[in-house]
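So in the UniProt record's numbering, spot 39 of the sequence shown is number 39, and the numbers just go up one at a time. Built from N, CA and C at the ideal position, the CB exists for glycine as well. Have a look at the structure below, then the notes.
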Amino acid sequence: MKYSKTQQAVNKLVEDKVVPGVNYAFIDEDGVQRYLVGNRELVPEKVKLTDGHLIYDMASITKVVGTTMVILKLSEEGMLNLDDSISKYLSSWKHPEVTIRNLITHTSGIEGYIPNRDKLNHDELIEALLNLNVGNELNHKMHYADVNFIFLGLIAKEITGKPIHQLITEMVLKPMNLSHSGFKPDADKCVPTTYDKQNGLLQGSVHDPKAQVLGSDCGSAGLFSNMDDLIKFVECILNPDSNPVLKPETVKVFYVDQTKHDLGRSYGFERINYKGMPFIWQSGYTGTFMVLIPKLKRAMIFLSNRVHPVAPNEYYIERRKPLIETYLNENR
Numbered sequence: 001m002k003y004s005k006t007q008q009a010v011n012k013l014v015e016d017k018v019v020p021g022v023n024y025a026f027i028d029e030d031g032v033q034r035y036l037v038g039n040r041e042l043v044p045e046k047v048k049l050t051d052g053h054l055i056y057d058m059a060s061i062t063k064v065v066g067t068t069m070v071i072l073k074l075s076e077e078g079m080l081n082l083d084d085s086i087s088k089y090l091s092s093w094k095h096p097e098v099t100i101r102n103l104i105t106h107t108s109g110i111e112g113y114i115p116n117r118d119k120l121n122h123d124e125l126i127e128a129l130l131n132l133n134v135g136n137e138l139n140h141k142m143h144y145a146d147v148n149f150i151f152l153g154l155i156a157k158e159i160t161g162k163p164i165h166q167l168i169t170e171m172v173l174k175p176m177n178l179s180h181s182g183f184k185p186d187a188d189k190c191v192p193t194t195y196d197k198q199n200g201l202l203q204g205s206v207h208d209p210k211a212q213v214l215g216s217d218c219g220s221a222g223l224f225s226n227m228d229d230l231i232k233f234v235e236c237i238l239n240p241d242s243n244p245v246l247k248p249e250t251v252k253v254f255y256v257d258q259t260k261h262d263l264g265r266s267y268g269f270e271r272i273n274y275k276g277m278p279f280i281w282q283s284g285y286t287g288t289f290m291v292l293i294p295k296l297k298r299a300m301i302f303l304s305n306r307v308h309p310v311a312p313n314e315y316y317i318e319r320r321k322p323l324i325e326t327y328l329n330e331n332r
């Protein structure tokens, strides 16, 4: 199948200098179509994007490729129940009404502001997060927040005694043969994120400030991966019977709303019904996203470093939605 309008929209992003370059792919009944456009780096020198195997900072894609898979695997093995109170595992947490299901669907209602957050060390940040409050949005509103998946990582560690990054490596990356994915990549094989004259390029080190502080205990970010591995992952979600980590019946519920009031969240992914066509998707702050259409067994994977050379580049967010809608319309 051809996606000419989507390709034009991606090319326009680069032409308009919304992103330096894009490594993207379409998966459908005809196989996999892969494309490269633009540059991998703009400063201190311009470098063209010519290698489709380069590694990207996945940012929040970590949530679905890694932490969600670990939590669901622990659930399959009877080591936790998705409707368990998180207080069962995080003893200092003061709101037992919040469940693991709330965390994985971003319906926990956790709210609050942490002063000087980026100046806190590992233990101080965890303590501050565990002292946040819960408002009246619990189960009634989806509020996407990293704290939910940081807590999921801490719960997995409490159960297994291993940090979440180690669990992701052992329970997801190795069984799926995602051999180019991990948390300590070869910097030379990575597409850079931010740049400043004092520190130079941030390349091969995680961009997310919380992930920098929490290290291997961060369940919300930290994973580096490339197109080769993301194609493998997406194909294992599109085809439940071929998933080497989770049971087919578990994978199938990725496409079902898992909230109490149909708030449009599945396990990790957002679930949207676009003009009668359901799809799930997840994005990463650094400029990554994946869109999966279950009924058609089709997907689009988009990798860019939109925070290069300077974050946050909010204009990219404005342009991302119409790009995804263009892709969805070409599948209707």
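Starting from residue i, follow the alpha helix (DSSP H) in both directions and report where the run begins and ends.
i: P192; result: Premise fails: P192 is in no alpha helix (DSSP H) and is neither H nor E.
i: Y56; result: Where Y56 is concerned, there is no enclosing alpha helix (DSSP H), although the beta strand (DSSP E) it sits in stretches over 55 to 57.
i: N148; result: 146 to 160
i: P248; result: 248 to 252
i: L80; result: Run containing L80: none; DSSP gives neither H nor E here.
i: K210; result: 209 to 214
By the three-class DSSP mapping on this structure, what secondary structure does residue i have?
i: L263; result: coil
i: N50; result: Here the sequence assigns Thr to residue 50, which means Asn is not the residue at that position. Here T50 sits in coil by DSSP.
i: A311; result: coil
i: A9; result: helix
i: T169; result: helix
i: T288; result: strand
i: M69; result: helix
i: E270; result: strand
i: Q282; result: strand
i: V32; result: strand
i: N102; result: helix
i: D196; result: strand
i: E111; result: strand
i: residue 360; result: Because residue 360 is not part of the residues shown, which for the chain are 1 to 332, the question remains open.
i: L90; result: coil
i: L201; result: strand
i: V245; result: coil
i: residue 343; result: Beyond the ends of the chain as shown, which are 1 and 332, falls residue 343; an answer cannot be given.
i: residue 393; result: Summary: the structure shown does not reach residue 393, with the chain confined to residues 1 through 332, and so no result is reported for it.
i: E97; result: coil
So, at 7 Å on beta carbons, what are the nonlocal neighbours of residue i in its own chain, with the 5 sequence-adjacent residues on each side left out?
i: F233; result: V65, M176, L178
i: Q258; result: R101, T105, R265, S266, Y267
Please look up how many angstroms separate the CB atoms of residue i and residue j, rounded, as I've assumed it's under 8 Å.
i: H122; j: V213; result: 6 Å
i: F149; j: G219; result: 4 Å
i: residue 338; j: F302; result: A query on residue 338 cannot be resolved here, the shown segment of the chain reaching from 1 to 332 and no further.
i: E111; j: G135; result: 5 Å
i: G38; j: V19; result: 7 Å
i: L132; j: V147; result: 7 Å
i: V70; j: V206; result: That pair is no contact at about 18 Å.
i: F183; j: L223; result: 6 Å
i: G153; j: T250; result: Not confirmed; about 19 Å, so no contact.
i: I293; j: V32; result: Not a contact, Cβ separation roughly 15 Å.
In the DSSP assignment, find the unbroken beta strand (DSSP E) run with residue i in it and report its ends.
i: D28; result: 21 to 28
i: R332; result: Premise fails: R332 is in no beta strand (DSSP E) and is neither H nor E.
i: M227; result: Counting along the chain, M227 falls outside any beta strand (DSSP E), though it belongs to the alpha helix (DSSP H) covering 227 to 238.
i: L303; result: 298 to 304
i: R117; result: Taken as a continuous stretch (DSSP letters only), R117 belongs to no beta strand (DSSP E), as it is neither H nor E.
Leaving aside the five residues before and after residue i along the sequence, list all residues of the same chain whose C-beta is less than 6 Å from its C-beta, in chain order.
i: E29; result: none
i: S75; result: L82
i: S92; result: L130
i: K297; result: L238
i: N139; result: T107, K260
i: K252; result: P240
i: S304; result: V19, V22, G287
i: N243; result: C236, V251
Apart from the five residues just before and just after residue i, which ones in its own chain have a Cβ nearer than 8 Å to its Cβ?
i: A128; result: I114, R117, L120
i: Q282; result: S60, I61, K63, V64, G268, F269, E270, F289, M290
- request: Answer yes if the region 214 to 234 comes into contact with the region 7 to 27, meaning at least three C-beta pairs across the two stretches below 8 Å, and no otherwise.
  value: yes
- prompt: Are three or more beta carbon pairs between the region 46 to 59 and the region 188 to 200 nearer than 8 Å?
  reply: yes
query: Are three or more beta carbon pairs between the region 163 to 174 and the region 78 to 92 nearer than 8 Å?
result: no
- request: Specify whether the region 259 to 277 and the region 39 to 52 touch according to this definition: at least 3 beta carbon pairs, one from each stretch, less than 8 Å apart.
  value: no
- prompt: Any chance the region 194 to 206 sits against the region 102 to 109, with 3 or more Cβ pairs inside 8 Å?
  reply: no
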